[in-house]
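Peer 1:
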Amino acid sequence: MLNLLTTNQLSRSFHQDQIVQPLDLQLSRGDILGLLGPNGAGKSTIMRMICGDLAPSSGEVEICGFDLLQQPQQAKRNIGYLPERPPLHPDQTVDEFLADCAYLHGLKKAQIDAARSAAKRDCGLEQSGRRLIRKLSKGYQQRVGLAQAIIHDPQLLVLDEPSDGLDPAQIRQLRELIKELATDKAVILSSHILSEIQATCNRVVILQQGKSVYNGDITPAEQTSYRLGLEQNPLESEIAALPAIATAEQLHTDYFMITLEPGYRPSECLEQLLGRGWQVCELSPASRSLEQLFLQATTGGLQ
Amino acid sequence: MSLSLAWIEWRRLMRTPLAWGTLALCVCLLSWQFLGTLESFSGMQTAHRELGLSHHLSLQLYGLAAVLILLITPILTARLFSETFRNGSYALLSSAPLSNLSILSGKFLAVVGYLSLLVLIPLLLCLTLFSGTDLDLGLLLAATLGLLLLSTTFTGIGLYFSALSENPGIAAAASYGTLMLLSLLDQHTEASSFIHWLAWPSHYLDLQLGLVRLSDIAYFLLLALFFLGLALHRLDRRRRG
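These protein sequences, in sequence, are chains G and D. Yeah, the first sequence ends on 390 if you go by the numbering used here, and it's all consecutive. Yeah, the second sequence ends on 247 if you go by the numbering used here, and it's all consecutive.
1. Kindly list the residues whose CB is nearer than 8 Å to the CB of Ile201 of chain D, restricted to its own chain and excluding five residues on each side of it in sequence; keep chain order.
2. Please confirm whether Leu124 of chain D and Ile78 of chain D have their CB atoms less than 9 Å apart.
3. Taking only the alpha-carbon atoms, compute the straight-line gap between Leu213 of chain D and Gly119 of chain D and give it to the nearest angstrom.
4. For the alpha helix (DSSP H) that contains Leu152 of chain D, what are its first and last residues?
5. Go through the segment 92 to 165 of chain G residue by residue and report every complete run of the alpha helix (DSSP H) that reaches 4 residues or more, in order.
6. Rounded C-beta distance between Leu153 of chain D and Ala71 of chain D? I'm assuming under 8 Å.
7. Please classify Asp341 of chain G: does DSSP put it in a helix, a strand, or coil?
8. Verify whether the separation of the beta carbon atoms of Leu11 of chain D and Ala116 of chain D is less than 9 Å.
9. Examine chain D for any beta-carbon lying closer than 9 Å to the beta-carbon of Leu175 of chain G, and answer yes or no.
10. So that I know if they touch, is there some Cβ in chain D lying closer than 9 Å to that of Leu389 of chain G?
11. What residues from chain G crowd round Ser64 of chain D, counting only those whose CB sits closer than 8 Å?
12. Roughly how many angstroms lie between the CA atoms of Leu9 of chain D and Gly112 of chain D, to the nearest whole one?
13. Less than 9 Å between CB atoms is the rule here; does Leu141 of chain G satisfy it with respect to chain D?
14. Can you grab the Cα-Cα spacing for the pair Thr82 of chain D / Gln51 of chain D, in whole Å?
15. When the Cα of His239 of chain G is compared with those of D:Leu151, D:Ala102, D:Phe167, which residue comes out closest?
16. Spell out whether any CB of chain D is found under 9 Å from the CB atom of Gln242 of chain G.
17. What are the boundary residues of the alpha helix (DSSP H) that includes Ala97 of chain D?
18. Under 8 Å, CB to CB, which of the residues in the segment 182 to 213 of chain G have a partner in chain D?
19. Tell me which same chain residues have a C-beta within less than 7 Å of the C-beta of Ser32 of chain D, skipping the five on either side of it?
20. At a Cβ cut of 7 Å, what residues of the segment 88 to 102 of chain D count as close to chain G, listed as they run along the chain?
21. In terms of alpha-carbon separation, which member of D:Trp13, D:Ser189, D:Ala148, D:Gly183 lies closest to Val218 of chain D?
22. So, are the CB atoms of Leu185 of chain G and Arg203 of chain G less than 9 Å apart?
23. Would you report the Cα separation of Gln103 of chain G and Asn289 of chain G, rounded to the nearest angstrom?
24. Of all Cβ atoms in chain G, is any one closer than 9 Å to the Cβ of Thr184 of chain D?
25. Quick check on this structure: which residue in G:Gln160, G:Asp118, G:Asp178 has the alpha carbon closest to the alpha carbon of Val445 of chain G?
26. Pull up the DSSP beta-bridge partners for Ile275 of chain G, would you.
27. Can you find the residues in the same chain that come closer than 6 Å, C-beta to C-beta, to Leu122 of chain G, ignoring five residues on each side of it along the sequence?
28. By the criterion of Cβ-Cβ separation under 8 Å, what are the contact partners of Leu11 of chain D in chain G?
29. Taking buried to mean at least 16 other C-beta atoms within 10 Å of its own C-beta, is Glu378 of chain G buried or exposed?
30. Does the structure place the segment 150 to 165 of chain G close enough to the segment 86 to 106 of chain D that three or more beta carbon pairs sit under 8 Å?
31. Quick one: which chain G residues come within Cβ less than 8 Å of Ile14 of chain D?
32. For Leu261 of chain G, which residues in the same chain have their Cβ closer than 8 Å to its Cβ, ignoring the five residues on either side in sequence?
33. Alpha carbon to alpha carbon, what distance is there between Glu369 of chain G and Met344 of chain G?
34. Say whether the segment 188 to 201 of chain G touches the segment 140 to 154 of chain G, bearing in mind that this needs 3 or more beta-carbon pairs closer than 8 Å, one atom from each stretch.
35. In chain G, which residues lie less than 9 Å from Gly69 of chain D when you measure between Cβ atoms?
36. Please check if any C-beta of chain D sits within less than 9 Å of the C-beta of Glu171 of chain G.
Below, the structure is given as structure tokens:
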């Protein structure tokens, strides 16, 4: 499958400081990648480099097979970008602004009306077409920013803090919209809100001081933590003494969180538990929450 | 794509009260000057008329038009980059399939397109006299060409300073300063010196007098290209960070 976005050792320095350390990304259709990291981690800088707003110090960006530096115009036709601050012209009406954006992205006059109507419908702006942008609320301005990013039906959507300024109902609508758009596109979004990323994305890159400290699925494939339920109530140390179990932590009376020794499978663990004469009522994978993942990654526990 | 952007920018400019207010003000001031020139010329005794009406119009009417363009251009150009840098809307252009050259030339053409409307006002005023008097059309067209070249040069200078600063006020002030300097460089300098050559009034005066010389046209175009080149360099630097 063709990668809609490929970055190869993409990095950025300002003066002597390395703001973004070499980053490799591959996104294909259906991927929703969340960029997560504390303030100043380099999320917006990565997005600006992917959109051609900022040149990388080294490395390559390829959008739909077009090199962003060698064939910028072909590459940029496939990008829809919503920066942190929506790029709006406050003295225009929503309709005028969106028509200009469509025209800028090379849409023909005959296509503009249909594209504008679709973008307005997707972003809930049907009633706001004749209103001046500066008279809209922050949430509606954010919607106009999103509408300009999708009006030309790009293959790659880059959204920097898209839920900023939206109320909870609008945030939920936005999540649904992003998931709907991602069926035939790739989406990158950044957010400070962990639950936002968890609810929307299927992949995450966690950044710490410009370095990618985790790049993968939101729930890692390599599962080593399990929730164990027993009919008996043994001591943690008794459970941890089994060869297949590395650690055991009592959650409450009969329930424990266990981690397996490397190389052991859950079935082997189950055999050993039953071998001790304990009756097992539950052994299920304990999904690591994004918050745990984020804290582990940014405090150095996960590389 | 430059033309698409020029069209968008021109339309955006024409939707502002500033554009229409400036045009209306220019029509009033130039009409006032036009009538004043006619009145003073018709009041002169024939023996005192060293120059014809066409020359009077090209010197006085086109002289005022040049001053108006000098005053208006920095206000128009200052917002074109500075304001978009400041409010973040430049990202619309930098992430669109446009090169820096297309962005710059689009904005340049939009302002020159607007200033062309101002350039036409003196010519249209003069053309109203054609039914009643014999005017030197070649002279008036030369002066119009001068005004157009002046607009391109001033726009190039204004765009450079706009690309240099995120503050439209500073961009406008820097443009005014440079334009004033270029207006005064021919004072107290030797006519053959390079500094004297850099001043625009003497080049413009030639065209006002009907002398269409390649050296004068080259002066205006070279100065415009020089500042546009600097602006392009600035935009590239900005993208490189």
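Using N, Cα and C, we set each Cβ at its ideal position, and we do this for glycine too.
Peer 2: Judging by the given coordinates:
1. What you label residue 201 of chain D is simply residue 195 of the second sequence in a count that begins at 1. Short of 8 Å from the beta carbon of Ile201 of chain D, and not among the five residues preceding or following it, lie these beta carbons of its own chain, in chain order: Leu191, Thr195.
2. On the second sequence, position 118 is the one that residue 124 of chain D refers to. On the second sequence, position 72 is the one that residue 78 of chain D refers to. Yes, they are a contact pair.
3. Counting from one through the second sequence, the residue named residue 213 of chain D turns up at place 207. Counting from one through the second sequence, the residue named residue 119 of chain D turns up at place 113. Their Cα atoms are separated by approximately 21 Å.
4. Along the second sequence, read from residue 1 onward, the residue named residue 152 of chain D stands at position 146. One point to set straight first is that residue 152 of chain D is Gly, not Leu, in the sequence displayed. Its alpha helix (DSSP H) spans residues 143 to 170.
5. 130 to 138, 159 to 163
6. For the purposes of this step, residue 153 of chain D is identified with residue 147 of the second sequence, where counting begins at 1. For the purposes of this step, residue 71 of chain D is identified with residue 65 of the second sequence, where counting begins at 1. Indeed, because the Cβ distance is near 6 Å, the residues count as touching under 8 Å.
7. Position 254 of the first sequence, counted from the first residue, corresponds to residue 341 of chain G. Of the three classes helix, strand and coil, the one that applies to Asp341 of chain G here is coil, per DSSP.
8. As a working mapping, residue 11 of chain D is identified with position 5 in the second sequence. As a working mapping, residue 116 of chain D is identified with position 110 in the second sequence. Yes, they are a contact pair.
9. Counting from 1 along the first sequence, the entry for residue 175 of chain G is found at position 88. Yes, its Cβ sits closer than 9 Å to a Cβ of chain D.
10. Sequence index remark: in the first sequence, residue 389 of chain G carries index 302 (1-based). Note that Leu389 of chain G scores 49 on pLDDT, short of 50, meaning its location in the model is unreliable; the coordinates nonetheless yield the value given after this. No, because no Cβ of chain D sits closer than 9 Å to the Cβ of Leu389 of chain G.
11. Taking the second sequence and counting its residues from 1, the one referred to as residue 64 of chain D is at position 58. By Cβ distance, chain G contributes nothing, its closest Cβ being about 38 Å from Ser64 of chain D, past 8 Å.
12. In the second sequence, the residue the question calls residue 9 of chain D occupies position 3. In the second sequence, the residue the question calls residue 112 of chain D occupies position 106. Cα to Cα, Leu9 of chain D sits roughly 6 Å from Gly112 of chain D.
13. To locate residue 141 of chain G, count along the first sequence from 1; it is residue 54. Closer than 9 Å to some Cβ of chain D, the Cβ of Leu141 of chain G qualifies, so yes.
14. In the second sequence, residue 82 of chain D corresponds to position 76, counting from 1. In the second sequence, residue 51 of chain D corresponds to position 45, counting from 1. At residue 82 of chain D the sequence reads Leu, which differs from the Thr that was named. Going by the C-alpha atoms only, they are around 43 Å apart.
15. Along the first sequence, one-based indexing puts residue 239 of chain G at 152. If we check each option's Cα against that of His239 of chain G, D:Ala102 comes out closest.
16. Here the question's residue 242 of chain G lines up with position 155 in the first sequence. It does not: the Cβ of Gln242 of chain G has no partner Cβ on chain D nearer than 9 Å.
17. Here the question's residue 97 of chain D lines up with position 91 in the second sequence. 96 to 100 is the extent of the alpha helix (DSSP H) around Ala97 of chain D.
18. Glu183, Asp187, Cys188, Tyr190, Leu191, His192, Gly193
19. As a position in the second sequence, residue 32 of chain D is number 26, starting the count at 1. Just to set this straight, residue 32 of chain D is Cys in the shown sequence, not Ser. Around Cys32 of chain D: Leu74, Leu124, Ile127.
20. Gly94, Ser95, Ala97, Leu98, Ser100, Ser101, Ala102
21. Residue 218 of chain D sits at position 212 when you count from the first residue of the second sequence. Checked all of D:Trp13, D:Ser189, D:Ala148, D:Gly183; the closest Cα to Val218 of chain D is D:Ala148.
22. Your numbering for residue 185 of chain G matches position 98 in the first sequence. Your numbering for residue 203 of chain G matches position 116 in the first sequence. Closer than 9 Å, so yes.
23. The residue labelled residue 103 of chain G in the question sits at position 16 within the first sequence. The residue labelled residue 289 of chain G in the question sits at position 202 within the first sequence. Roughly 35 Å between the two C-alpha positions.
24. As a position in the second sequence, residue 184 of chain D is number 178, starting the count at 1. Chain G contact via Cβ: absent.
25. Here chain G comprises residues numbered 88 to 390, so residue 445 of chain G is not present and cannot be evaluated.
26. For the purposes of this step, residue 275 of chain G is taken as residue 188 along the first sequence, with counting starting at 1. Per DSSP, G:Leu120, G:Val245.
27. Walking along the first sequence from the start, residue 122 of chain G turns up at place 35. Same-chain partners within the cutoff: Lys130, Ser277, Val292.
28. Along the second sequence, read from residue 1 onward, the residue named residue 11 of chain D stands at position 5. Identification of chain G residues near Leu11 of chain D by a Cβ-Cβ cut-off of 8 Å yields Leu191, ordered along the chain.
29. By one-based count along the first sequence, residue 378 of chain G stands at place 291. Under this definition Glu378 of chain G is an exposed residue.
30. Yes: the two stretches touch, three or more of their Cβ pairs being nearer than 8 Å.
31. Stepping through the second sequence from its first residue, residue 14 of chain D is reached at position 8. Under a criterion of Cβ atoms nearer than 8 Å, the residues of chain G adjacent to Ile14 of chain D are, in order, Asp187, Tyr190, Leu191.
32. In the first sequence, residue 261 of chain G corresponds to position 174, counting from 1. Contacts found: Leu233, Pro249, Ser250, Leu253.
33. As a working mapping, residue 344 of chain G is identified with position 257 in the first sequence. As a working mapping, residue 369 of chain G is identified with position 282 in the first sequence. C-alpha separation (whole angstroms): 11 Å.
34. no
35. Indexing the second sequence from 1 puts residue 69 of chain D at position 63. Neighbours of Gly69 of chain D on chain G: none; closest Cβ ~34 Å, over 9 Å.
36. Start at 1 with the first residue of the first sequence, and residue 171 of chain G comes out as number 84. Yes, Glu171 of chain G lies at the interface with chain D (some Cβ there is under 9 Å from its Cβ).
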